[in-house]
Each structure stands twice: as structure tokens, then as C-alpha cells.
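Inspection log for the structure reproduced underneath, given as C-alpha cells.
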């Protein structure tokens with residue numbers, strides 16, 4: 699049987715219990731281990747019982763679940779911390795706000811068995827439920843875009859051998875933004891392949907944070923790092939949506955042109 703571990707970086711949000719409950723309910727060959735990476739800067743300081751409460755929903759899987767901490771350094775560092783504990787040949791990464799499908803374990807093992815020797819990663823199929831009866835908000839449409847995104851780690855299984863060969867996730871990416879594309883491009887450059895599997899995972903839309911706009915602006919630094927690491931054509935290599943830098947530059951240029959015309 700194909701052996702694997704599940705790695706979940708978390709800030710112990712309210713979504714974690716639903717994520718773990720879905721894992722507990724899914725059918726199929728269970729993972730060798732579940733590694734929960736607590737990435738809060740001070741784990742348990744605010745509410746020491748929150749994590750333990752979430753873990754209770756795992757049932758029999760609790761015995762094979764390990765909790766490690768990563769010091770609040772972001773999802774890339776958290777995934778690397780989880781990866782260091784994995785002894786299985788595959789590590790299936792999940793975000794803490796997703797809910798795997800009812801047959802996820804069976805589908806995952808099938809995906810991994812079908813992977814060719816040069817396949818480093820197999821991506822899950824993400825579905826995002828949107829509200830009916832009204833137009834989705836910009837935040838909801840942004841989340842829905844995850845269903846079309848390539849290489850996202852909301853549900854991505856990687857060979858541990860391949861990850862260690864390229865040095866794992868680049869911890870210079872401090873946010874959940876671009877670190878997945880960077881890893882994928884490095885794996886492809888090293889001669890590995892990444893393909894889409896058939897297992898399904900639900901990604902509900904979380905309420906928009908009041909800091910969402912600021913977070914998006916901070917993503918400009920991640921786009922700049924991608925350009926430095928992978929060249930100016932990294933957008934095309936990663937099939938990534940254009941970031942805010944290019945849109946801002948276009949708006950600024952258009953405004954300058956309008957001012958120049960008005961002055962003539």
C-alpha cells in the first residue's frame with residue numbers, strides 16, 4: 699500500500715475542527731501519521747483549550763496525530779516543520795480551512811499509485827461553494843478562484859524525496875501567497891512533474907477579514923521575490939493571475955497620461 703502522512707499548518711482558527719472532522723469521517727486507508735503544525739506565535743496563550751478541543755473530533759485518528767510548533771513564521775516554515783517529522787514517502791498538505799471529501803483517503807491513495815516515478819506532486823480537486831440568490835462578493839470570487847489555481851497547497855500531495863531535494867518550501871515567503879508556486883517552479887526546473895489528481899476537497903468561503911486589502915498589498919513583496927527568483931516571465935511559467943503591482947502601475951500610467959492630456 700502507498701504510505702503517506704497528512705500535514706496541516708494551522709493558526710487554530712474556528713475552521714480547524716471542521717477540517718479534522720472531515721478527515722475523521724473520510725473512508726479509505728488511513729495515513730501513517732497526521733502532523734498538525736501550530737503556527738501561532740505563542741501557542742495556547744490566548745485560549746489553551748482551543749487546540750485540544752479541535753483534536754477531540756479525530757476519534758481513533760488522535761492516536762496517530764502529532765502536534766509540533768513553528769513559532770508563527772508563516773505557512774512555508776510551518777509546512778517545513780511538519781515535513782521534518784514525516785517518514786512516509788508522500789506528504790499530503792492540507793490547509794486548516796478545507797474539508798476533504800467522504801472518500802478522500804481512497805481517492806488519495808489511488809492518485810498516488812497512479813503517479814509516475816518522475817511525478818513530484820499530485821494536486822487535489824478543489825471546489826468552492828458560493829451563495830445562491832445573489833452575486834458573489836469580490837472576496838467570495840477571489841476564494842472561488844482557488845478551484846482553478848495550479849499547485850495550491852490547500853490539497854497537494856508531494857513526494858518527500860522531491861521536497862527534500864529542492865530544499866522544501868522557501869521560508870522567505872511569510873504569507874500564504876506565492877510560496878506554493880515557487881516550490882512548484884523549483885520542482886519543475888529540477889526535472890519533476892506535477893499533475894492533477896481526482897480526489898476532491900471542499901474549500902468553504904471564510905468571512906472576509908477587515909485586513910484583507912492590506913494583506914493583498916503585502917503580497918506585492920512576494921510577487922517581487924518571485925520575479926527575483928524566477929525571472930520576469932514567472933507569471934507565464936506559473937500560469938498565475940497578475941498581481942497588484944502591475945495593475946497599480948497601469949492605473950498610475952493611465953492617470954499620468956490623463957493629466958498630460960489635460961495640460962495640453
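Numbering (the numbering used here), first residue to last: 699 to 962. Where is the CB? At the ideal position from N, CA and C, for every residue including glycine. Keep in mind it's a predicted model, so treat the numbers as computed, not measured.
| Query | Result |
| --- | --- |
| Simplified DSSP assignment, three categories, for residue 716 | helix |
| Among 876, 889, 724, nearest to residue 806 - alpha-carbon criterion | 724 |
| Short Cβ contact (8 Å threshold) for residue 903 with residue 859 | no |
| Residue environment, residue 810, which counts as buried when at least 16 other CB atoms sit within 10 Å | buried |
| Residue environment, residue 846, which counts as buried when at least 16 other CB atoms sit within 10 Å | exposed |
| Exposure label - residue 782; buried when at least 16 CB within 10 Å | exposed |
| Alpha helix (DSSP H) runs wholly inside the stretch 852-903, at least 4 long, in chain order | 858-864, 877-887 |
| DSSP beta-bridge partners of residue 795 | DSSP, once it has assigned bridges, lists no residue as partnering residue 795. |
| Closest Cα partner of residue 701 within the set 843, 857, 767 | 857 |
| Buried/exposed call for residue 729, threshold 16 Cβ in 10 Å | buried |
| Beta-carbon spacing of residue 736, residue 705 below 8 Å | no |
| Pair within 8 Å by beta-carbon distance, residue 898 and residue 822 | yes |
| Close beta carbons around residue 849, own chain, < 7 Å, minus the five adjacent residues each side | 821, 878, 879, 882, 892 |
| Backbone CA spacing between residue 757 and residue 928 [nearest angstrom] | 44 Å |
| Close beta carbons around residue 816, own chain, < 8 Å, minus the five adjacent residues each side | 889, 890, 891 |
| Chain-order list of residues whose beta-carbon lies under 7 Å from that of residue 778 (same chain, five-residue window excluded) | 866, 867, 869 |
| DSSP three-state assignment for residue 802, whether helix, strand or coil | helix |
| Close Cβ partners of residue 842 (< 8 Å) along its chain, the five nearest in sequence each way excluded | 826, 828, 834, 903 |
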